[in-house]
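Have a look at the structure below, then the notes.
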Amino acid sequence: MNGDLSPLNDPPSLSRIDLTEPTLIVEQLCVRYGDLLAVDNISFSARAGQVTAVLGPNGAGKTSTIEVCEGIRKATSGQVRVLGLDPVKDRRILAKKMGVMLQDGGIYPSARAIDVVRQYCGLYASGRDKIVAPDELLDLVGLSERRLSPWRRLSGGEKQRLSLAMALAAQPQIIFLDEPTSGVDVNGRTTIRQIIRRLADQGATIILATHELDEAEKVCDRVIIFDKGKVLVEGGLDDVRRARRVVRLRTVRPLDLTDMPDNLAGWLVEDAPCDYSIEDAPQGLIAALAVWLSERGIDVVELRTGMASLEDTFKKLTGGAP
Amino acid sequence: MKTSASPLRAQLRAELQILARNGEQLLLTLIIPVMLLVFFGMTDVLPTGFDDHMDFLTPGVIALAIMSSSMVSLGIATGFERSYKVLKRLGVTPLGRPRWLIAKVITILVVQFIQLGILIPVALLLDWQADDAQWLVAIGAVVTGSIAFAGLGLFIAGRLRAEVNLAAQNGLYLLLLLLGGMVIPFDKLPDPVAAVAKCLPSGALADVLREALVNGGDRPATSWLVLGIWALVTPVLTALTFRWE
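Heads up: the protein sequence lines correspond to chains B and A, in order. The first sequence maps to residues 1 to 322 in the numbering used here. The second sequence maps to residues 1001 to 1245 in the numbering used here.
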């Protein structure tokens, strides 16, 4: 794989982009399908030069929101501005500046990788000073050796990388990525993370919808957590995690959580046998726990404090798995 | 310097590449019509009612070929493009729907150029006499028929799931092949079937092509009217009902 990301070196150019103004503004957006209110009066924003992760369980309203931003779907009510443009009314102008990676599909199965990338480079080439070379894009996403393979013969991860190459053909100022690392192997994930980070560093706005919280945590600057059509939290990655402090401890043998005194009961959560966590512990709780453990002769082999992981925060907010 | 590369050119190239790699479409649009023309041209087993059976067969097979490329091939491909989310993905590029449609139309024209470039010489080799052919009228019939069939094919493709669409397009192809007046004359069909068949675009196209190519139309004025109505109605219906996803 090519590590220098050369096809993206003619960026949406930081010098031409105002990093202080939001490039994506969603205000009081509602999307309704019949009786179902899929997106319920949400507002958020994203800025150039940042990776904004959109997280949420299935059916949370992520894809509906992103499709409104892309202009694929009309809002029931509310307003969306992408790069200052209305995604529906200004669709033709916006399409030239926007990269899109669908969650799946989008390619005819018999189409060869190089032909698809060449097609998409051609779709975006009109009026451009510089055309992205299809072979360089394939090299960038690590598919040079598969250039003549039809889409149906590619692995799941290779299909994702080809889809990313199609999005990059736009030389986008804003890019919407739906589950870009789904099914991608470790090396491929690293490549995709590098590409995403590089695009953001060059001044593009990255909107990343994903279930893979560890991937999001590695690459994103901001987080928006959706559930049941609403935005539960929006903020910088560290702000979202720092809002929840966690104490983790590992004991030599399992604890009987039903046998705890009133001042400790309900605070410990068993993450795994002998592994426990306590979120937002009040003053004195840890000391009381240490006394209780000591009285029962239970040794603690590890005790750590820190920010909650994105996954901890996500589970706490949404009450379930991503 | 700004590039002059055009989205239309990129899309057209992609359409032609997909077509060339799709063996089923080549079978449907080229091989089956040629085989029918050769088989029935050499055997003379059809009850055509014409002195020279090639005068009946050649316009009928040309009509069949036009239906194959304009309706069945286009409809099946478009149905799968919906199913594979190709149309959804293209919808967020600078291509736009008008240029997508133009690319499809040019692709059909290329296929029809190849179809006619093969079928007409084969018919001539089988002793078809084209001395009285009015080629401009025939081209007008092909264009009108193509619009009617394309509208019908896209109407079906724009509403049904890909697999159901595939079955519907192939079923309609077979139905129109047998009952549409292309290779079996209307007067050899049961009266109620013939009455319906005369209102179908397949029979109308075959009839106006027979009039244009061999001066042997059954009722050319009525057939032009039928074909014209189909060419007007089906594109409008498609525009009103087509679902891009």
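Note that CB positions come from ideal geometry on N, CA and C, so glycine has one too. Just so you know, these numbers come straight off a predicted model, no measurement behind them.
- [ ] Would you identify the three-state DSSP class for A1204 (chain A), choosing helix, strand or coil?
- [x] If DSSP states are grouped into helix, strand and coil, A1204 (chain A) belongs with the helices.
Open item on the list: Contact defined as beta carbons within less than 8 Å: I believe L154 (chain B) pairs with R146 (chain B). What is the distance between those atoms, to the nearest angstrom?
Closed with: That belief holds up - the Cβ atoms of L154 (chain B) and R146 (chain B) are roughly 6 Å apart, short of 8 Å.
TODO: Can you give me the Cβ contacts of T1241 (chain A) inside the same chain, cut-off strictly under 7 Å, excluding the 5 residues immediately before and after it?
DONE: Taking C-beta separations shorter than 7 Å and ignoring five residues to either side along the sequence, the partners of T1241 (chain A) in its chain run F1155, G1158, R1159, following chain order.
Task: Candidates A:L1012, A:K1085, A:P1047: closest to S1161 (chain A) by CA position - done: Here residue 1161 (chain A) turns out to be Arg, not Ser, going by the sequence shown. Out of A:L1012, A:K1085, A:P1047, A:K1085 has the C-alpha closest to the C-alpha of R1161 (chain A).
TODO: Closer than 9 Å by beta-carbon distance: list the chain A residues that pair up with Y33 (chain B), in chain order.
DONE: Within 9 Å Cβ-Cβ: nothing; Y33 (chain B) doesn't reach chain A, min ~13 Å.
TODO: For the segment 63 to 81 of chain B and the segment 94 to 103 of chain B, state whether three or more C-beta atom pairs, one from each stretch, are separated by less than 8 Å.
DONE: The segment 63 to 81 of chain B is in contact with the segment 94 to 103 of chain B.
Task: Among A:D1055, A:V1038, A:G1171, the one whose alpha carbon lies nearest that of I1076 (chain A) - done: Minimum Cα distance to I1076 (chain A) is reached at A:G1171.
Open item on the list: Need the endpoints of the alpha helix (DSSP H) that V223 (chain B) sits in, please.
Closed with: Annotation for V223 (chain B): no alpha helix (DSSP H) segment contains it, though the beta strand (DSSP E) segment containing it runs 222 to 227.
Task: Start and end residues, alpha helix (DSSP H) containing Q79 (chain B) - done: First-last for Q79 (chain B): 77 to 82, but that is the beta strand (DSSP E), not the alpha helix (DSSP H).
TODO: Per DSSP, which residues does S277 (chain B) bridge with? Please list them.
DONE: Answer is B:R248, B:V269, bridged to S277 (chain B).
Open item on the list: Counting C-beta neighbours from all protein chains within 10 Å, is the total for I1139 (chain A) 16 or more, i.e. buried, or is it exposed?
Closed with: Within 10 angstroms of the beta-carbon of I1139 (chain A) lie fewer than 16 other beta-carbons, which makes it exposed.
Open item on the list: Just list the residues that DSSP pairs M98 (chain B) with in beta bridges.
Closed with: Its beta-bridge partners are B:I174.
TODO: List the residues of chain A that D115 (chain B) touches, going by C-beta distances under 7 Å, in chain order.
DONE: Result: A1014, Q1017.
TODO: Could you check what DSSP says for F1056 (chain A) in three-state terms: helix, strand or coil?
DONE: If DSSP states are grouped into helix, strand and coil, F1056 (chain A) belongs with the helices.
TODO: Give the secondary structure of E295 (chain B) by DSSP, where H, G and I count as helix, E and B as strand, and everything else as coil.
DONE: E295 (chain B) falls in the helix class under three-state DSSP.
- [ ] Would you check if the distance between the CB atom of L143 (chain B) and the CB atom of A165 (chain B) is smaller than 8 Å?
- [x] Yes; because the gap between Cβ atoms is below 8 Å, this pair is in contact.
Open item on the list: Would the segment 207 to 226 of chain B count as touching the segment 174 to 190 of chain B if we require 3 or more Cβ pairs under 8 Å?
Closed with: They touch, by the three-pair rule.
Task: Proximal residues of chain B, C-beta to C-beta of Q1011 (chain A) below 9 Å - done: Counting only Cβ-Cβ distances below 9 Å, Q1011 (chain A) has contacts in chain B at Q119, G122, L123, in chain order.
Task: Residues of the segment 1082 to 1099 of chain A with Cβ closer than 7 Å to any Cβ of chain B, in chain order - done: Answer in chain order: Y1084, K1085, V1086, K1088, R1089, G1091, V1092, T1093, P1094, L1095, G1096.
TODO: Compute the Euclidean distance between the alpha carbons of K62 (chain B) and L317 (chain B), then round it to the nearest angstrom.
DONE: One C-alpha to the other measures close to 16 Å.
Task: Beta-carbon proximity check, P1059 (chain A) vs L1175 (chain A), cutoff 8 Å - done: No, these two residues do not count as a Cβ contact at 8 Å.
Task: Beta-carbon proximity of V301 (chain B) to T258 (chain B), cut-off 8 Å - done: T258 (chain B) sits away from V301 (chain B), with the two beta carbons spaced by 8 Å or more.
- [ ] Would you mind sorting E1163 (chain A) into buried or exposed? The rule is 16 or more other CB atoms within 10 Å of its CB.
- [x] With fewer than 16 other Cβ atoms within 10 Å, it is exposed.
TODO: Taking L1119 (chain A) and V1061 (chain A) to be in contact with their CB atoms under 8 Å, please state how far apart those CB atoms are, rounded to whole angstroms.
DONE: Between L1119 (chain A) and V1061 (chain A) the beta-carbon gap is near 6 Å, inside 8 Å, which marks them as a contact.
Task: Closest Cα partner of G284 (chain B) within the set B:R197, B:N263, B:E27 - done: It is B:N263 whose Cα lies nearest to the Cα of G284 (chain B).
Task: DSSP-derived helix/strand/coil call for Y33 (chain B) - done: Residue state, collapsed to three classes: strand.
Task: Among B:K74, B:L268, B:L289, B:A288, the one whose alpha carbon lies nearest that of E279 (chain B) - done: Cα-wise, what sits closest to E279 (chain B) is B:L268.
Open item on the list: Can you look up T210 (chain B) in the DSSP assignment and give me helix, strand or coil?
Closed with: Strand.
Open item on the list: Taking its Cβ as the centre, do 16 or more other Cβ atoms sit within 10 Å of R118 (chain B), making it buried, or is it exposed?
Closed with: Here R118 (chain B) is buried. Its C-beta has 16 or more other C-beta atoms within 10 Å.
Open item on the list: Using a 10 Å radius around the Cβ and a threshold of 16 neighbouring Cβ atoms, would you call S43 (chain B) buried or exposed?
Closed with: Looking at its Cβ environment, which holds fewer than 16 other Cβ atoms inside 10 Å, S43 (chain B) is exposed.
Task: Spatial distance of T65 (chain B) from G1096 (chain A) (CA atoms) - done: The straight-line gap from Cα to Cα measures roughly 22 Å.
TODO: Please decide whether R92 (chain B) counts as near chain A, where near means a Cβ-Cβ distance under 8 Å.
DONE: With 8 Å as the cut-off, R92 (chain B) counts as an interface residue toward chain A.
Open item on the list: Can you tell me where the alpha helix (DSSP H) holding E1015 (chain A) begins and where it ends?
Closed with: Counting along the chain, the alpha helix (DSSP H) containing E1015 (chain A) begins and ends at 1007 to 1021.
TODO: Could you check the C-alpha separation between P215 (chain B) and P87 (chain B) for me, to the nearest Å?
DONE: Going by the sequence as given, residue 215 (chain B) is Glu instead of Pro. In this structure, the alpha-carbon of E215 (chain B) lies about 28 Å from that of P87 (chain B).
TODO: Taking 8 Å as the cut-off, decide whether the C-beta atoms of L55 (chain B) and I207 (chain B) are in contact.
DONE: Contact: no.
Open item on the list: Less than 8 Å between the beta carbons of G1041 (chain A) and L1126 (chain A), yes or no?
Closed with: Contact: yes.
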